[in-house]
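J.: Those protein sequence lines, which keep their order, are chains V, D, G and L. Taking the UniProt record's numbering, the leading residue of the first sequence gets 1, the next gets one more, and so forth. Taking the UniProt record's numbering, the leading residue of the second sequence gets 1, the next gets one more, and so forth. Taking the UniProt record's numbering, the leading residue of the third sequence gets 1, the next gets one more, and so forth. Taking the UniProt record's numbering, the leading residue of the fourth sequence gets 1, the next gets one more, and so forth.
Protein chains: 4
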Amino acid sequence: MSEPIRNRLSAVRRDFHCHPEPAWREFYTTYRLVEELERIGVDELAVGADAYDPADRMAVPDEERLEDWRERAREWGADEDALECMAGGNTGAVAVLDRGEGPSIGLRVDIDGLFIEEADDVDHLPAAEGFRSKIDGAMHACGHDAHMTWGLAALEAIAESDFSGRLVVFFQPAEEVSGGGCPMARSRFADDLDYLLAVHVGLDHPTGEVVAGIEKPLAMAHLDVEIEGESAHAGKAPEEGANAMHAMGTAIENIYAIPRHSDGMTRVNVGYAEAGSASNVIAEHARMEAEARGETTELMEYVESRFERIVRSAATLHDCEAEVDVVSKSPRADSDPELAAVVADVARGVEGVDRVVERADFGASEDATFLMERVQAEGGLATYLIVGTDHPDSHHTPHFDVDERSLEHGAAVLVETIRALEEQGASTSRSTAATGGTR
Amino acid sequence: MSEPIRNRLSAVRRDFHCHPEPAWREFYTTYRLVEELERIGVDELAVGADAYDPADRMAVPDEERLEDWRERAREWGADEDALECMAGGNTGAVAVLDRGEGPSIGLRVDIDGLFIEEADDVDHLPAAEGFRSKIDGAMHACGHDAHMTWGLAALEAIAESDFSGRLVVFFQPAEEVSGGGCPMARSRFADDLDYLLAVHVGLDHPTGEVVAGIEKPLAMAHLDVEIEGESAHAGKAPEEGANAMHAMGTAIENIYAIPRHSDGMTRVNVGYAEAGSASNVIAEHARMEAEARGETTELMEYVESRFERIVRSAATLHDCEAEVDVVSKSPRADSDPELAAVVADVARGVEGVDRVVERADFGASEDATFLMERVQAEGGLATYLIVGTDHPDSHHTPHFDVDERSLEHGAAVLVETIRALEEQGASTSRSTAATGGTR
Amino acid sequence: MSEPIRNRLSAVRRDFHCHPEPAWREFYTTYRLVEELERIGVDELAVGADAYDPADRMAVPDEERLEDWRERAREWGADEDALECMAGGNTGAVAVLDRGEGPSIGLRVDIDGLFIEEADDVDHLPAAEGFRSKIDGAMHACGHDAHMTWGLAALEAIAESDFSGRLVVFFQPAEEVSGGGCPMARSRFADDLDYLLAVHVGLDHPTGEVVAGIEKPLAMAHLDVEIEGESAHAGKAPEEGANAMHAMGTAIENIYAIPRHSDGMTRVNVGYAEAGSASNVIAEHARMEAEARGETTELMEYVESRFERIVRSAATLHDCEAEVDVVSKSPRADSDPELAAVVADVARGVEGVDRVVERADFGASEDATFLMERVQAEGGLATYLIVGTDHPDSHHTPHFDVDERSLEHGAAVLVETIRALEEQGASTSRSTAATGGTR
Amino acid sequence: MSEPIRNRLSAVRRDFHCHPEPAWREFYTTYRLVEELERIGVDELAVGADAYDPADRMAVPDEERLEDWRERAREWGADEDALECMAGGNTGAVAVLDRGEGPSIGLRVDIDGLFIEEADDVDHLPAAEGFRSKIDGAMHACGHDAHMTWGLAALEAIAESDFSGRLVVFFQPAEEVSGGGCPMARSRFADDLDYLLAVHVGLDHPTGEVVAGIEKPLAMAHLDVEIEGESAHAGKAPEEGANAMHAMGTAIENIYAIPRHSDGMTRVNVGYAEAGSASNVIAEHARMEAEARGETTELMEYVESRFERIVRSAATLHDCEAEVDVVSKSPRADSDPELAAVVADVARGVEGVDRVVERADFGASEDATFLMERVQAEGGLATYLIVGTDHPDSHHTPHFDVDERSLEHGAAVLVETIRALEEQGASTSRSTAATGGTR
């Protein structure tokens, strides 16, 4: 790849990097995506509520929590027209190239950041080179800045080529809360796709390595808990309270101890918790944000049901009431080996890629599975591929960073795979499915 | 008391009631106090840093948390000069009447509100009659609005009388966090007081009842806890984290179980807790705001030391580090029976008071004990009296309210006690102390 | 007291000391008491089921647990006739002196040991001098060996005197489990008592001190818990179990954290717990032996009801079932000041007694309150007195021991009090009560 | 198989079934094995300390716990000579057939029962047909009664055949505590084995199914915990205790919550726990029997190290001291596919076997891995095979039972596999190893 392109990829990624925005608050991010997409020129561009049905969204924060971020996007330079399109937190976009005969190919990249405070020591490259997060307590700590860069780069390269077929790029919001996968999967843009490519950076695979298809993205549920007790004066009448703080403590202690399951891997985490008001008041209220995962959808549901029983019992134990709200859920879906084989073949020919793994396990969850499931259900093929990067620390930690050499690798793998699929044409199974067959 | 005075007491109290401000953020409250005090006319008026040494303050929030409240006070009408005096959160005031020969008498009232959301149902009088808190999540739920009203009313009545002596009224901020008692007690205004009266409304005593002196205000410590762990991806590598959320849960479970002590009453509460960031991240950080109380200072310290061991061990158990910060402490001090007897005598003659209790136990804590301890150490007498009120629900709960008939009772008891002390002159013990004796 | 008597008291006490037997298993102890009582010669001697209605007993262990102890008593020399009288674990005895006109006076001493392993280091006198417990894991760690010695000594002295009246000595079993007080109080021997003396050694009062009457023996309930879950293979299918072990852990964590109560002192303890079978089996079963105490009967019931909710909720949380059985309960009862005054007067004249306390608080529980309550309800007077002893370590610990000088003190105080009451005659209130009056 | 043989297998198994004996207490069981082996006639028979070095044993209970079981075995008819051979709890035996040229083949069966109370309802066949466990609280709930029956049956069939080679049958004690595998593996009987067969019944495979080789027997450690605190009177001075009961509760709550590991399966269980003495004593002592498992030896050690930190921290939190003793450990070992292939081939020809699985996962642990590891390290081949049985409820539960049709299947598979291996001769790799090569 040429120096200018390389620099351009880096510049785009760094702009995204220093403006991390959490789920359904990707206002500046979407604005910048639109700006780039308009520059590139696409045949159809749908933003926010035009891209999907807002009612299909999951884990949407209330308007109050959106407002600060909208204001901040405005300060960062997002224009009013763009913000208007995203009223109600309908962020994200879908861009389409419609270039005549040929297969219909989807590419899905996610765009949201995380509530993690980015490291600011000199050993952390974004800090040293001045593109550290501009907002304390939020960070692109999972590489979605790289994903968007790939989405734009692939689209631009294909747009400039003689590609024949249909390319749909999903710039999906709210992946971290499993909130945006479902609306994208149910949108008209997901109709009749022959192929779907979803892509992730890193995941402990080094720069130069490509995994052509992953298995076992964990099924996941996001769970919000509210516990209501009764306040009382902690000194004068502690026995009069119904202690929501204590109920929360009992719940936390037991949630992590949900028994392992002999059918396979499970995960559970309480990632955010808050309770009470002041030190001399028995806490009236507590809330927790948690998640349950499983190697299969059944295993996730096993964890979820245990979670609910624990929370309710812990509340009863302390004379409180609890509500557990399933904010969002994503299923498990595996990569199709036929499609992964195409990716693997292509990757072997990409400069800088020195190791190609056909299939690997995946210990995390992903709501790309909604799109994969939809495409596979209609007879198409889907794969979830990983482009390795030397990341200095784990995903979701303050020192996470992307080795920018992988920006080129990912762009090249995606572009070349799309061209290879163009050559191959629509998959047989899809055609069958279209005429009534089922997978 | 005349109808107009009665109405005036109610109006003042309701103004304070609907503008509740938490510890060291009593900007509007202090502004209104100053306005009233200037109207009354006093011989000396010291606001904020003029009233005490800011370095003696405890439990002061950081500037960021002050700012919102200063802004709100401005919106509510506090003028810039007043706010200027309170820069850095130096709220509260001391007012002095200096009227020639006679005893030196202190009166202490507290002024802060609580982080409790006030009830808004029609059964709650402040809601029904339109003086409910103007700010969600804060409330005068401990009657400090009545206390201030008494302080102003007593001062006004004495100012208009032929009183001879010195009257010092402490409008003390930050009682709820035991933060303002110490600076007031160390200030020059607490020098050479012959008598100190501290007063509280309600505390489960009905309208018409007066308790002349209380025993056993619990000694108290406010404790802030920070737990540091390490974040990790909850799905991909839960074992890599050091889970501050889980450490917090273990701490909460065990803090409430600190063994009861055979030497007397103890209390412990975790009143506020927060941990983590997002549901898919193992929590890196947790913090708690807690308190330890004891019937004696030693018992409070017993609870405090167990608290610290529990928090540190819970952190170690989960591979985290914890810090426990003792934000503030207040000692135990008892009422002097000689002074309580004066109050009791006076109260028996006050209209509307139908029951006088010489002494009662007190299940809560109070940083008035700093002033009491200072005055008693220098040979003066101190009492902490309660003016009963029919309160519909407990202190520190959303439906707490004051029966306004007790406004008159309290004002009358205070004014008449001050006049009785004027007649009695300086206490003998004080004179002795002044000439070198000790109590 | 003469040297031979002193030696005799010591010998008797040491024989009891090295044969400690737990509640309702005092087979050897009762046998020895009977032997001594027969030697002394009494007017009526009732053993076991002759002394009380077995159906009134509480906290009786099952036959299997009795059997070992009966066998051991046999080995220690208890004869078959004596054991026959105690079939079904009906241990203990009541001895009566009926000597004509005069007041009817009750004396209650308790006789059971504890499941504590006695210290065997040379610093522990019973070990050094060869009268350490003959059975591992059981011990007279609360001084009941001294109590029985006093009971026998007082009876012997009165029997040999010209006493006129009725003396009833209750050798009560099963005090430690609050099991024997109720049947003794309901027996015919408790009818029409003018006075009741109950006595305890030590309780942190030193040798030479006597407390004439105590207040606030805590009300108490003994609680047995059974938790039923479902076993499973811990390696192959941990999710299939319902983990009674885990439910027990959750219960323990929360039981100790039952909120302190503003009305007064409470206590709670899980003193014995056992769960599970083998390390590779998810525990199917757990059981706990616990107690709840309160400064009043209401406070004890507050703790008890919280206890039950916690245990049930902890079981539900882990998909188990729990049963809470209230094994026994004892009320609160206070000493009558008139009677305590008699004891105090007498004690001041006893050789070796150098300090007399009229009244003291009592931090523990006692089922002597059943007898006290009965006597007081019928118009008699009751007191619970303490004879101090320098005990090297706390009651209920392996190094507890009695300073044998207090054996004489206690015997003298009891004998002289009985003589003083003989002189005083039946209390007025009793006479009134007998003719229809009420207290 | 003929009716008489079938009946004989059933009779032998039922005799073992109703005499279950836990680890290192298999006195009657070993006596019966010796009786049967002497009847069959073998070339070498080593019992107890003759079969292995007692110092290599793990998880041996103290003499006191052995004594009851020895006494019971005597009552059940074990003769003194046999019991003599097992002094010190050296149970189990090794039997050898030495029949000239040919491969050296090991067969390992385990012999111990579990501390589980067997069901006694009529739906439970052993109860209905009168061979339910004769001792309350112990049970053959894992099918070792069937394993021994197979060992004897195979030995008898081979003894009566023209087999040429060496057959060594390990009747291994203490499998359930991973205590007997190591001494057997280090004994001279494990020298120079070409093949090792270990066998288990059931494990959720139905009657008629055979699994020729299993993978992933979890590595395992048995952990014993002692917690020492300080006792105190729970009513009088709860603050003076250091509560071992509470420390145990905190430990249990947290042990089950050891984070899942991204490298693979882990397990943890506290299978037995006991604490305290009586309800009115703060518990001085607690002990727990637990286990840690992992898909690899490293994962097991991860759990073990977390376990230790939790236990120590929970003790510190409650001012107690804890000791964690690693009683025994067993490594992971996988079946060799070459040997499993032989078993699979043979099984396909056995009457009644209708499904053969080449390889399956195994969710439990097994100390047969010691023998497998030893044989594999010396160049031999090992497999762990499963003979299915319709078991009405899970292993390690009160209703577990074996479908006796599988007794024939297992015996036939083992006999035919031994004959097939005789034909095949020593494995090549072993020969290589014997001459200096390594695997």
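Glycine included, each C-beta is placed from N, C-alpha and C at the ideal position.
1) What number of angstroms, rounded off, separates the C-alpha of His395(V) from the C-alpha of Val210(V)?
2) Measuring CB to CB, does Ala127(G) end up less than 8 Å from Leu407(G)?
3) On the DSSP bridge assignment, give the partners of Asp319(G) in chain order.
4) Just the chain A side, please: which residues come within less than 7 Å of Ala232(V) by C-beta, in chain order?
5) Does DSSP put Arg70(D) in a helix, in a strand, or in coil?
6) Candidates Leu421(L), Glu67(L), Trp24(L) and Gly143(L): which alpha carbon is nearest Pro183(L)'s?
7) Check whether the segment 265 to 276 of chain L touches the segment 312 to 321 of chain L, taking contact to mean three or more Cβ pairs, one atom from each stretch, closer than 8 Å.
8) Compile a chain-ordered list of the residues in the segment 153 to 165 of chain D whose CB is closer than 8 Å to at least one CB of chain L.
9) Can you give the beta carbon distance from Thr297(V) to Pro331(V), rounded, assuming they're within the 8 Å contact cut?
10) Please state if the CB of Met288(L) and the CB of Ala221(L) are separated by a distance shorter than 8 Å.
11) Looking at chain D, which residues of the segment 287 to 299 of chain V have a Cβ within less than 7 Å of any of its Cβ atoms?
12) Is DSSP giving His409(V) helix, strand or coil here?
13) Of all the CB atoms in chain L, is at least one closer than 8 Å to the CB of Phe131(G)?
14) Output needed in chain order: residues of the segment 267 to 279 of chain V with a Cβ under 9 Å from some Cβ in chain D.
15) From what residue to what residue does the beta strand (DSSP E) around Asp224(V) run?
16) Ile111(L) and Ala141(L): beta carbons closer than 8 Å?
17) Cβ atoms of Leu193(D) and Ile258(D): under 8 Å apart, would you say?
18) Can you name the start and end residues of the alpha helix (DSSP H) that His147(G) belongs to?
19) Contact check, Ala212(L) vs Val357(L) under 8 Å by CB: the rounded distance?
20) Quick check: is the beta carbon of Ile310(L) nearer than 8 Å to any beta carbon in chain D?
21) Quick check on Arg32(D): buried or exposed, where buried means 16 or more other Cβ atoms within 10 Å of its Cβ?
22) Going by DSSP, what residue range makes up the beta strand (DSSP E) through Ile386(G)?
23) Establish whether the CB of Ala257(G) and some CB of chain V are separated by less than 8 Å.
24) DSSP has Ser365(G) in a bridge; who is on the other side?
25) Look at the alpha carbon of Leu385(L) and the alpha carbon of Gly180(L), and state the distance between them as a whole number of angstroms.
26) Between the Cα of Leu155(V) and those of Ala347(V), Leu37(V) and Glu373(V), spot the shortest distance and give me the residue it belongs to.
27) Residue ranges of each beta strand (DSSP E) run of no fewer than 3 residues wholly in the segment 289 to 359 of chain V, ordered along the chain?
28) Under the three-state reduction of DSSP, which class applies to Arg414(V): helix, strand or coil?
29) Determine, using beta carbons only, whether Leu167(V) and Leu97(V) come nearer to each other than 8 Å.
30) Using the beta-carbon of each residue, which ones in chain G are nearer than 8 Å to Glu228(V)?
31) Taking the DSSP output, what are the residues bridged to Gly106(V)?
32) Helix or strand or just coil, what does DSSP make of Gly89(V)?
33) Measuring only between beta-carbons, confirm whether Glu75(L) sits less than 8 Å from chain G.
34) Using alpha carbons as the reference points, say which of Glu308(D), Val169(D), His246(D) and Asp204(D) lies closest to Ser262(G).
35) Does the beta-carbon distance from Ala283(V) to Gly271(D) come in below 8 Å?
36) So, with DSSP's three-state summary, where would you put Met372(V)?
T.: In terms of the structure at hand:
1) Translated into the one-based positions of the first sequence, residue 395(V) becomes position 395. Translated into the one-based positions of the first sequence, residue 210(V) becomes position 210. The straight-line gap from Cα to Cα measures roughly 17 Å.
2) The residue labelled residue 127(G) in the question sits at position 127 within the third sequence. The residue labelled residue 407(G) in the question sits at position 407 within the third sequence. No, they are not a contact pair.
3) Taking the first residue of the third sequence as 1, we reach residue 319(G) at position 319. Paired residue(s): none; Asp319(G) is not in a bridge.
4) Looking for chain A here will not work: the only protein chains present are V, D, G and L.
5) Start at 1 with the first residue of the second sequence, and residue 70(D) comes out as number 70. In the three-state DSSP reduction, Arg70(D) falls in the helix class (H, G or I).
6) The residue labelled residue 183(L) in the question sits at position 183 within the fourth sequence. With distances taken between CA atoms, Pro183(L) lies nearest to Trp24(L) out of Leu421(L), Glu67(L), Trp24(L) and Gly143(L).
7) Segments in contact, no.
8) Of all residues in the segment 153 to 165 of chain D, none has a Cβ within less than 8 Å of some Cβ in chain L.
9) For the purposes of this step, residue 297(V) is identified with residue 297 of the first sequence, where counting begins at 1. For the purposes of this step, residue 331(V) is identified with residue 331 of the first sequence, where counting begins at 1. The Cβ separation is near 5 Å, so the contact holds.
10) The residue given as residue 221(L) occupies position 221 in the fourth sequence. The residue given as residue 288(L) occupies position 288 in the fourth sequence. Met288(L) is positioned such that its CB atom lies no closer than 8 Å to that of Ala221(L).
11) The segment 287 to 299 of chain V vs chain D, Cβ under 7 Å: Glu289, Ala290, Glu291 and Arg293.
12) Here residue 409(V) corresponds to residue number 409 of the first sequence, with the count starting at 1. Helix, per DSSP.
13) Stepping through the third sequence from its first residue, residue 131(G) is reached at position 131. Not one chain L Cβ lies under 8 Å of Phe131(G).
14) Of all residues in the segment 267 to 279 of chain V, Arg267, Val268, Asn269, Val270, Gly271, Tyr272, Ala273, Glu274, Ala275, Gly276, Ser277, Ala278 and Ser279 have a Cβ within less than 9 Å of some Cβ in chain D.
15) For the purposes of this step, residue 224(V) is taken as residue 224 along the first sequence, with counting starting at 1. Asp224(V) -> beta strand (DSSP E) spans Ala219 to Glu228.
16) Within the fourth sequence, residue 111(L) is the residue found at index 111, counting from 1. Within the fourth sequence, residue 141(L) is the residue found at index 141, counting from 1. No, the Cβ-Cβ distance between Ile111(L) and Ala141(L) is not below 8 Å.
17) Numbered from its first residue, the second sequence carries residue 258(D) at position 258. Numbered from its first residue, the second sequence carries residue 193(D) at position 193. Taking 8 Å as the Cβ cut-off, Ile258(D) and Leu193(D) do not qualify as a contacting pair.
18) Within the third sequence, the letter at position 147 stands for residue 147(G). Segment His144 to Ala159, the alpha helix (DSSP H) holding His147(G).
19) Start at 1 with the first residue of the fourth sequence, and residue 212(L) comes out as number 212. Start at 1 with the first residue of the fourth sequence, and residue 357(L) comes out as number 357. Yes, they are in contact, since the Cβ atoms of Ala212(L) and Val357(L) sit about 7 Å apart, within 8 Å.
20) Your numbering for residue 310(L) matches position 310 in the fourth sequence. Yes, contact with chain D.
21) What you label residue 32(D) is simply residue 32 of the second sequence in a count that begins at 1. Arg32(D) should be labelled buried.
22) Counted from its first residue, the third sequence places residue 386(G) at position 386. Boundaries of the beta strand (DSSP E) around Ile386(G): Leu381 to Val387.
23) Locating residue 257(G) in the third sequence gives position 257, counting from the first residue. Under the Cβ criterion of 8 Å, Ala257(G) is counted among the residues facing chain V.
24) Position 365 of the third sequence, counting from 1, holds the residue named residue 365(G). Note: Ser365(G) sits in a beta bridge opposite Leu218(G).
25) Here residue 385(L) refers to the residue found at position 385 of the fourth sequence. Here residue 180(L) refers to the residue found at position 180 of the fourth sequence. Put simply, the backbone Cα of Leu385(L) is about 19 Å away from that of Gly180(L).
26) The residue you call residue 155(V) lines up with position 155 of the first sequence. Ranking Ala347(V), Leu37(V) and Glu373(V) by Cα distance to Leu155(V) puts Leu37(V) first.
27) You should have 321 to 330 and 355 to 357.
28) The count along the first sequence starts at 1 and reaches residue 414(V) at position 414. Per the sequence presented here, residue 414(V) reads as Leu, with Arg not at that position. Under the three-state reduction of DSSP output, Leu414(V) falls in the helix class.
29) As a first step, residue 167(V) is located in the first sequence; it is residue number 167 there, counting from the start. As a first step, residue 97(V) is located in the first sequence; it is residue number 97 there, counting from the start. Result yes, Cβ atoms of Leu167(V) and Leu97(V) sit closer than 8 Å.
30) As a first step, residue 228(V) is located in the first sequence; it is residue number 228 there, counting from the start. Correct list: empty, because the minimum Cβ distance to chain G is about 16 Å.
31) As a position in the first sequence, residue 106(V) is number 106, starting the count at 1. Per DSSP, the beta bridge partners of Gly106(V) are Val168(V) and Leu196(V).
32) For this step, residue 89(V) is matched to residue 89 along the first sequence. Three-state DSSP puts Gly89(V) in a helix.
33) Your numbering for residue 75(L) matches position 75 in the fourth sequence. With a threshold of 8 Å between beta carbons, Glu75(L) makes no contact with chain G.
34) Along the third sequence, read from residue 1 onward, the residue named residue 262(G) stands at position 262. Nearest option by C-alpha distance: Asp204(D).
35) Residue mapping note: residue 283(V) aligns to position 283 of the first sequence, counting from 1. Residue mapping note: residue 271(D) aligns to position 271 of the second sequence, counting from 1. The beta carbons of Ala283(V) and Gly271(D) sit closer together than 8 Å.
36) Along the first sequence, one-based indexing puts residue 372(V) at 372. Three-state result, Met372(V): helix.
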